[in-house]
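Undergrad: Numbering follows our numbering, in which position 274 of the sequence shown is assigned residue number 271; successive positions increment by one, without gaps. Take a look at the following structure, please.
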Amino acid sequence: MDQSATAPVAEITFDDPNRFINRELSWLDFNFRVVSEAENPRHPLLERLRFVSISASNLDEFYSVRVAGLIGQSNAGVLERSADGATPAQQLIAINGHARELIAAQQRAFSHLRTLLATAGIVVCPTISLTSDDAQFLDSYFMERVFPVLTPLAVDPAHPFPFIPNMGLVMALNLARDDDHGNMAALIPMPSQIERFVRLPTEPGQPIRFVMLEDLVSMFMNRLFPGFKVEGSGLFRLIRDTDVEFEEEAEDLVQSYETALKRRRRGKAIQLTIQAEMPHELRELVTHAVDAPNDEIYIETGIMGLVDVKQLIVDDRPDLLFPPYTARFPERIRDFAGDCFAAIRAKDILVHHPFESFDVVVQFLRQAAADPAVVAIKQTLYRTSRDSPIVKALIEASEAGKSVTAMVELRARFDEEANIRLSRSLEAAGVQVVYGFIGLKTHAKISYVVRRESGSLRAYAHFGTGNYHPITARIYTDLSYFTCEPALTRDAARLFNYMTGYARPEEMEQLAFSPLTTRKTIGALIDQEIANAKAGKPAGMWLKMNSLVDDRLIDQLYEASRVGVPINIVVRGICCLRPGVAGMSENIKVKSIVGRFLEHARICVFANGHPLPSRENKVFISSADWMARNMDGRIETFVPIHNETVHAQILDQIMVVNLRDDAQSSELRPDGSWVRVTPGDPPASAHEYFMTNPSLSGRGSAIHGGLSADKPKGKYKRRVD
């Protein structure tokens, strides 16, 4: 949460749990930063509204996963403490208070934006302001599109309280009969298949107006309960536990997951939110029937289910949206007439998404599928789109007679069912589908292609920091690294053998991977920086990731700071490290960038006895965040970058610009608070820079003009201390 002043931090020793910030509270703080973007006047109004919806969606998932787990531990009497020294019960108390503040901030942001949007010509109308023409339109709309899918439910001894699905929004009613004034309780579940905000017809140039679904239903209550009068009503919304438990020893892993996913839909109630206007007796009925934890029952005075406000983001008001951005296609590929393999043979390529198009990844695999010289393709799939062009390319390759292996991760949260479907489609086409280790998620992002060339075989590899998902690739900032360097491609083959056949590699030439060598490799790199600092050599680290949680690695960073190693960290979300504490972390700075795009790339830079930035620094990209699960419980990659141009692009361009950003950045203070960085004049925006400057390795023949590896454009050339 942004604060203008920070509280003093008492001396913290190296065995004090207070050296860590609580993971769950840090996650909530990230969502305060997301909400703060809704208040940023530099963003267009509808984009500010999008940040409210994103924050609300994040909070829903947080409760259904993280809070659900803590509630289960607390109910089971688990007393094991988190790294910061809190029991599950203590964490739930802290989360409760922090989350209520976040919900209040979301409601304030939406209320303010609703006023600004009305002034700008986008109005959410109360029913009292509707005209007769509006009423006539809504009458037809209700009868044709809403009435057929509504199910009014009486609640009495003959009609017990129904099951309410996860994220279900329900209207509860007190009804009185017109003839004998007898009372009846009833429910109307709001169908998720119908838009929450119903757009009214308007003339061109007139304000765009919406009516909320619950208001529409209330207008025509007499058609749902004829002969009754509404004496009181209110909405409630339920979040359920969405954790999936499956039988690890099951003979059929897919069948086990399908059974577990069915159980997920009926998970325990975790959070119940009730509209403040709901009468007391209805509130009692709902809370008793739903059986949510008492500490997780919220009384809400604003709109229920803020995630739905994204429906107000209309395409016909481009003036209220970010200017359209079309990702660049790497000129290097065009220089070789679209031949990805020829371009990669000439020199390694790094593609920076979403500023450079994900189409190059798709083209790489499509070309592999169609190329008669390609004999084998191996591919990991963690998350992808419903009609994935990646999956289509794999199917086409298999049908063309190539050896195709797909490593499909069933446990990609909330994508499990989609991954089961795509695995069956792949198998039907003859693809060898493998689900990997029972106890380890396969989170690595690798494509591996083997091609006949000049009488022998040459392998090509793609290592990514993000998923093979063409839709999220337009939003997430990620890196795609293409290479045919023999040592790296041999390592990629060894890693696939490990994933498919449990064949533990005797030796890797360059690639580190979890769960076997990533932690050891990172630890050795940190230790080398410590040794260099002690020897009086230049030392330092630049780190970029989504989450920094692993207590063992954090303690190593504290040790490095204590001997004088300067460390700059860009972390999007959770950060359990406490920077700037005297005697422990005064040489560590932590910042977070939240803006138009979602920061997702993982980069590690180690000075290696030379000033930062320089050609001699060690640079790595990774699929892994610094969390225990990524180090010890997943298949991940940690990829060294040796190619000079790619090295310069990551170090001198991407990392320098991220560290210089002051337009979208917040800094973490020693007391755990986040403070918005004051923008310079002009502000330095990483996202705007990457949208307007071509990357080094993707420019091909353009390398001879404009930006170069030795002369970055503008003020980003300055060294970051």
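Heads up, the beta-carbon is just placed ideally off N, CA and C, and yes, glycines get one too.
If you drop the 5 nearest sequence neighbours on each side, which residues of the same chain put their C-beta closer than 8 Å to that of Ala91?
TA: The answer, listed in chain order, is Asn19, Glu21, Leu22, Ala83.
Undergrad: Taking DSSP's pairing of strands, which residues face Gln268 in a bridge?
TA: According to DSSP, Gln268 bridges with Ile236.
Undergrad: Please classify Gln429: does DSSP put it in a helix, a strand, or coil?
TA: Reduced to three states, the DSSP call for Gln429 is strand.
Undergrad: Counting only runs that start and end within the segment 52 to 116, where is the alpha helix (DSSP H) found for 4 or more residues in a row?
TA: List check, alpha helix (DSSP H) in window: 65 to 72.
Undergrad: Where do the N-terminal and C-terminal ends of the alpha helix (DSSP H) with Trp24 fall, by residue?
TA: Taken as a continuous stretch (DSSP letters only), the alpha helix (DSSP H) holding Trp24 covers 20 to 35.
Undergrad: Which residues mark the beginning and the end of the beta strand (DSSP E) in which Phe479 is found?
TA: Here the beta strand (DSSP E) through Phe479 covers 473 to 480.
Undergrad: Can you tell me whether Ser52 is buried or exposed, with buried defined as 16 or more other CB within 10 angstroms of its CB?
TA: The residue is buried, with at least 16 neighbouring Cβ atoms inside 10 Å.
Undergrad: So, are the CB atoms of Thr480 and Tyr457 less than 9 Å apart?
TA: Going by C-beta atoms, Thr480 is nearer than 9 Å to Tyr457.
Undergrad: When you compare the CB positions of Phe460 and Ile435, do they come within less than 9 Å of one another, or not?
TA: No.
Undergrad: Which residue from His40, Glu328, Glu503, Cys573 puts its Cα closest to that of Leu317?
TA: With distances taken between Cα atoms, Leu317 lies closest to His40.
Undergrad: DSSP state of His639, grouped into three classes?
TA: Here His639 sits in coil by DSSP.
Undergrad: Straight-line CA distance for Ile68 to Val31?
TA: When rounded, the distance between both Cα atoms is 26 Å.
Undergrad: Apply the 10 Å Cβ neighbour rule to Arg421 and answer buried if 16 or more other Cβ atoms are within range, or exposed otherwise.
TA: Answer is exposed; the Cβ neighbour count stays below 16.
Undergrad: Just checking my contact of Phe319 with Glu34 at CB under 8 Å: how many whole Å lie between their CB atoms?
TA: Not really, about 12 Å apart at Cβ, beyond 8 Å.
Undergrad: Starting from the Cα of Arg383, find the closest Cα among Ala415, Lys375, Glu406, Ala397 and give me that residue.
TA: Arg383 has its Cα closest to that of Ala415, out of Ala415, Lys375, Glu406, Ala397.
Undergrad: Around the Cβ of Gln268, are there at least 16 other Cβ atoms within 10 angstroms (buried) or fewer (exposed)?
TA: Buried is the call here.
Undergrad: Report the start-end ranges of each beta strand (DSSP E) in the segment 134 to 159 that is 3 residues or longer and not cut off at the edges.
TA: Qualifying beta strand (DSSP E) stretches, in chain order: 150 to 152.
Undergrad: In whole angstroms, what is the alpha-carbon distance linking Glu274 and Ile300?
TA: Rounded to the nearest angstrom, the two C-alpha atoms are 11 Å apart.
Undergrad: Since Ala183 sits in a beta bridge, which residues does DSSP pair it with?
TA: According to DSSP, Ala183 bridges with Ala151, Leu170.
Undergrad: So, does the segment 645 to 662 touch the segment 678 to 698, judging by three or more C-beta pairs under 8 Å?
TA: Yes, the segment 645 to 662 touches the segment 678 to 698.
Undergrad: How would you label Tyr60, buried or exposed, when you count the other beta carbons within 10 angstroms and need 16 or more for buried?
TA: Tyr60 should be labelled buried.
Undergrad: By a C-beta neighbour count over all protein chains shown, 10 Å radius and 16 as the cutoff for buried, is Asp13 buried or exposed?
TA: Answer is exposed; the Cβ neighbour count stays below 16.
Undergrad: For the candidate residues Arg599, Asn543, Pro610, Lys375, whose alpha-carbon lies nearest to that of Ser477?
TA: When each option's Cα is compared against that of Ser477, the closest is Arg599.
Undergrad: If you draw a straight line from the C-alpha of Arg516 to the C-alpha of Leu197, how long is it?
TA: For Arg516 and Leu197, the distance between alpha carbons rounds to 57 Å.
Undergrad: Under the rule that 16 or more other beta-carbon atoms within 10 Å means buried, what is Lys438, buried or exposed?
TA: It is buried - the Cβ of Lys438 has at least 16 other Cβ atoms within 10 Å.
Undergrad: Beta-carbon within less than 6 Å of Arg363's beta-carbon, same chain only, minus the 5 sequence neighbours each way: which residues are those?
TA: Answer for Arg363: Ala390, listed in chain order.
Undergrad: Considering only the beta carbon of each residue, do Leu166 and Pro149 sit closer than 9 Å?
TA: No. Outside cutoff.
Undergrad: Determine, using beta carbons only, whether Met404 and Lys541 come nearer to each other than 9 Å.
TA: Against a cut-off of 9 Å, the Cβ pair of Lys541 and Met404 comes out as no contact.
Undergrad: Between Ala621 and Glu613, is the Cβ-Cβ spacing less than 9 Å?
TA: Their beta carbons are not under 9 Å apart, which means Ala621 does not touch Glu613 by this criterion.
Undergrad: If you draw a straight line from the alpha carbon of Asp336 to that of Arg329, how long is it in whole angstroms?
TA: Approximately 10 Å, taken between the alpha carbons.
Undergrad: Give the straight-line distance between the Cα atoms of Gly533 and Leu46, rounded to the nearest whole angstrom.
TA: Their Cα atoms are separated by approximately 51 Å.
Undergrad: Am I right that Ser50 and Lys307 are in contact with their C-beta atoms under 8 Å? What's the rounded C-beta distance?
TA: Indeed, because the Cβ distance is near 4 Å, the residues count as touching under 8 Å.
Undergrad: Sort Ala557, Val446, Glu353 by Cα distance to Phe11 and report the nearest one.
TA: Residue Ala557 is the option with its Cα nearest to Phe11.
Undergrad: Within the chosen definition, does the segment 370 to 386 reach the segment 346 to 354 through at least 3 CB pairs nearer than 8 Å?
TA: Because the criterion of three Cβ pairs below 8 Å is not met, the segment 370 to 386 and the segment 346 to 354 do not touch.
Undergrad: Return the bridge partner residues of Asn15 from the DSSP annotation.
TA: Asn15 pairs with nothing; no bridge assigned.
Undergrad: Please list, in chain order, all residues of the same chain as Leu550 whose beta carbon is under 7 Å from its beta carbon, the five residues on each side excluded.
TA: Same-chain partners within the cutoff: Ile519, Trp623.
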